[in-house]
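Each protein sequence line maps, in turn, to chains Y and C.
Going by the working numbering, the first sequence opens with residue 60, and the numbers climb by one from there.
Going by the working numbering, the second sequence opens with residue 409, and the numbers climb by one from there.
The beta carbon of each residue, even a glycine, is placed where N, CA and C say it ideally should be.
Inspection log for the structure reproduced underneath, given as structure tokens.
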Amino acid sequence: MYRLRLHVGLAALAGLLLLGQGVALAASAEKGKTAFIKNGCWQCHGSVGQGGAAGAKLAPDPLPVEAFTTFVRTTNRAMPPYSEAILSNDDLADIHAYLASIPKAPDPKSIPLLSSP
Amino acid sequence: MRKESEAKFNRRKFLAGVAVAGAGSTVPPGAAIAAPSQAPLDAPPRRPSALPPNAHVAAVETGTPPALAPTKAAAGSDFMVDVIKTLDIPYLPSNPASSFRGLHESLINYGKNTKPEFLTCMHEESAAGMCHGYFKIAGKPLMTLCHGTVGLQHAAMAIYNAWCDRVPMIVVGGNDLDAAKRPPGVPTFHSAQDINAMVRDFTKWDDTPVSLQHFAQSFVRAYKIAMTPPYGPVAISLDAGLQQEPIHENGERLYIPRHVATAPPQGDANAVREAARLLANAQNPVIVVDRAARTENGVRLLVQLAEALPAPVVDQGGRMNFPNTHYLRSAPNVIGRADVIIGLELSDYWGTVNAWIDNGGDDGSGTRESRIKPDTKLISISAVDLNTKSNYQDFQRFQTIDVHMAGDAEATLPALIEAVNAALSGDRKAALEKRGEALKKARAEARERTRAAAAVAWDASPISTARLVMETYAAIKDLDWSLVSSSGNVSNWPQRLWPMEKHYHWLGRSGGYGVGYGAPASVGAALANRDAGRFSVSIQSDGDLMYAPGVLWTAARHHIPLLAIMHNNRGYHQEVMHVQRLSNRRNRVASLGKDMGPIGTSIENPDIDYAKLASSMGWWSAGPIKDPSELGPTIKRAVEVVKSGQPALVDVWTQPR
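Here is the structure:
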């Protein structure tokens, strides 16, 4: 039983990886920003993926799209997995494109309020 | 036979006399007293069954207690004011009500409305919340008056927060007890046989005095119990008739027992030595603290303990226990490497050493994971182990502890530090210095990571919580500041970025996580800070404020300066993910309606104008601020207003967390 589950899991993972690579080609950062808000991602991760007490930092420099997709679909931690019925492949790819488009954060030493205390 | 009987000592009275003598008799030893009886002249000398009382004890036993405060009281409630005044209670936040009208009248006329000063509140939850916040700054309990059934029900949530946060307050509930005399109609709706029953599960002690002398004993006892660690709220049901009746002398003078503080309980000496041995011999000891430091001295003692080992300190933030500028202040992940953990006044030891993941595992109840190694030794010192209430589950899941001490951590620390120093040999101390150097390096690296994280989204709108917090700090850093509440979750940026070294720099959270604590506790703490000459600032969340915003009026009415920076994320964010998580688990899209979060979790459409709300109650206000570049200048203006003695609120549209 355990072996069967493992095979099914690996097959699903491989499918997701391929899917992630495929849809990423047509991904739109602009649409991704809308999807990021509409699907409530920003509620825990912040509007530019900065993260905080409720969710991990996602941007800048998000996970590679394959790992990102796999995590969203299969996570078993505090963040629940998002099935395709809840978050489409297109939306997910667009969200990744949006996160990838977020520019690098400023050096904290360049922000006076962060350089002194 | 009768004479012989008279000559014997009444043991009960004798012991009572000793106890009263301890309460402050002024009769000098050796003073003459009347012989209690006449023995036959030819009888042999009788050997007493107990030592005879000296003059001091006998006088106390037979005379009027000298602690009696002369009273000019005419009404029962006047005497109650005399009793209350002996305990030096500065303020009495309350919402007025008929069931305590007798005491109310005596407080403001007979008592001249000083010590305590009546502070007008618009909700009993606000009044109790103010008591809560006040204590955490002043270290002195306040009392509040509640109206029988309805007022106490309003106050109940705030009392529960105080219970969970180990904060003392004296809750006095007016009640028309005598059904034959109480006014019919509304006062009878508001009466009950036993109003204390409503809060008995989360108060340390309660009483229903039936005479004025009984009240005097009850009130002093209530104060004493509330102020003995573990601190906690106490309740007195006060009959309206007892307040209003004139004092009947009945040949017996009323007296006021003197309050003498009870020494806090300490951990067992043998257990302290065993704990010290484990800590001294550990390779990776870790200190975890939640409400360990009751006072500034508690902070100093914790630093001594941590430096003696040296051991990293994880501060869970129930109080400001340990300076966040100290190199031994550490992130919780050090727990995973520990071979010995000492937990000091932890509210949740199980949750400290275990993780619970809300992932639907185990048939929906979530997955449990250990955070520690299997052979890690656990030590605990907590006075809360002396609490014996069982209905409310604030004691959390059961955790097996290797060395478990029921005692107050702060009171036990001097003995523990001494035992640790004795257990550490000179060679061992030298070897441990390397451990300290490694922790210094780790601390510096963590600091840089925190600043880098704060820089992300620095210019975002809605404004990032890191920016909110640091713009606020920039405006107050040169003042003697006190962060009196952070009711909204701002990702702990104040604790991560503000240098917190004094006990009053951070007061901890609500205790029971009952929403609505932040605003009244901030006002109460600001009141205490006002008297201490400090500047009070709160990070005020929107949902918390709307539970009982009338406390804003109380702050303005009583000239309590407070800077409230609104963390206005327009939602009950804590609940967003609960609905989302269940939706995902059931493979359904969470319905948002027209809002940002799942239906029922947002506070928008319409947006609340908190600046107008505050302004309508006498506060200086500004906002909503949405552009981060406007935030700093606005807060600076607000700081100047607060320095002039007024409260000020700045509404800021923020990121959710």
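Query                                                                                                                 : Result
Closest by C-alpha distance to C/ARG917, when choosing among C/ASP698, C/THR1009, C/LEU515 and C/LEU905               : C/ASP698
Test: Y/ILE154 CB closer than 8 Å to a CB of chain C                                                                  : no
Contact set for Y/ALA88: own chain, Cβ-Cβ below 6 Å, skip 5 residues either direction                                 : ALA156, TYR157 and SER160
Own chain partners of C/SER899 with C-beta closer than 8 Å, once the 5 adjacent residues on each side are dropped     : THR873, ALA874 and ARG1065
Buried versus exposed, by CB contacts within 10 Å (16 or more), C/TRP1061                                             : buried
Any 3 or more C-beta pairs closer than 8 Å across the region 732-743 of chain C and the region 847-854 of chain C     : yes
Closest residue to C/HIS981 among C/ILE1033, C/ALA1056, C/ASP939 and C/ASP950 (Cα-Cα distance)                        : C/ASP950
At least three beta-carbon pairs within less than 8 Å, the region 924-940 of chain C to the region 534-546 of chain C : yes
C/ALA605 versus C/SER1037 - alpha carbon distance                                                                     : 53 Å
C/ASP723: contacting residues in chain Y (beta-carbon distance under 8 Å)                                             : Under the 8 Å cutoff, chain Y gives no residues; its nearest Cβ is about 16 Å from C/ASP723.
Contained alpha helix (DSSP H) runs [length at least 4] in the region 531-565 of chain C, N- to C-terminal order      : 532-546
Pair within 8 Å by beta-carbon distance, C/TYR925 and C/MET974                                                        : no
C/TRP758 to C/ASN795 span [Cα, whole Å]                                                                               : 18 Å
Cβ of C/ASN900 within 8 Å of any chain Y Cβ                                                                           : yes
The alpha helix (DSSP H) enclosing C/MET878, as first and last residue numbers                                        : 873-884
Interface flag, Y/GLY99 vs chain C, CB-CB below 8 Å                                                                   : yes
8 Å Cβ cutoff met for C/PHE943 and C/LEU887                                                                           : yes
Where C/ARG978 falls, given that 16 or more other Cβ within 10 Å makes a residue buried                               : buried
Assigned secondary structure, C/ASP888 (DSSP; H/G/I helix, E/B strand, else coil)                                     : coil
Residue interval of the beta strand (DSSP E) (run including C/GLN948)                                                 : 943-949
Beta bridge counterpart(s) of C/TYR931 as assigned by DSSP                                                            : The residue asked about is misnamed: residue 931 of chain C is Val in this sequence, not Tyr. Per DSSP, none; premise fails for C/VAL931.
Proximal residues of chain C, C-beta to C-beta of Y/ALA112 below 7 Å                                                  : ASN897, SER899, ASN900 and ARG1065
Counted within 10 angstroms of its Cβ, other Cβ atoms place C/LEU449 as buried (16 or more) or exposed                : With a pLDDT of 49 at C/LEU449, under the threshold of 50, the modelled position of that residue is not reliable, and the figure given next carries that caveat. With fewer than 16 Cβ atoms within 10 Å of its Cβ, C/LEU449 is classed as exposed.
Contact list for Y/SER142 against chain C, beta-carbon separation under 9 Å                                           : ASN992 and ASN995
Beta-carbon separation (whole angstroms), C/VAL680 vs C/ALA827, contact threshold 8 Å                                 : 5 Å
C/LYS785, buried or exposed, once every other Cβ within 10 Å from all chains shown has been counted against 16        : buried
The region 966-982 of chain C: positions lying closer than 7 Å to chain Y by Cβ                                       : HIS981
Any C-beta of chain C under 8 Å from that of Y/ARG132                                                                 : no
Through-space distance from C/LYS1002 to C/SER894, alpha-carbon basis                                                 : 29 Å
Check whether C/LEU550 and C/PHE526 have beta carbons under 8 Å apart                                                 : no
C/ARG917 in three-state terms, based on DSSP                                                                          : coil
Exposure of C/ASN732, with buried meaning 16 or more beta-carbon neighbours within 10 Å                               : buried
Euclidean distance between Cα positions of C/GLU777 and C/ARG994                                                      : 24 Å
Straight-line gap, C/LYS589 to C/VAL1050 (C-alpha atoms, nearest Å)                                                   : 49 Å
DSSP state of C/HIS812 mapped onto helix, strand, coil                                                                : strand
Assigned exposure category for Y/MET60 - 16 Cβ within 10 Å defines buried                                             : Because the pLDDT at Y/MET60 is just 40, under 50, the model does not fix this residue reliably, and the value given afterwards should be weighed accordingly. By the neighbour-count rule (16 or more Cβ atoms within 10 Å), Y/MET60 is not buried but exposed.
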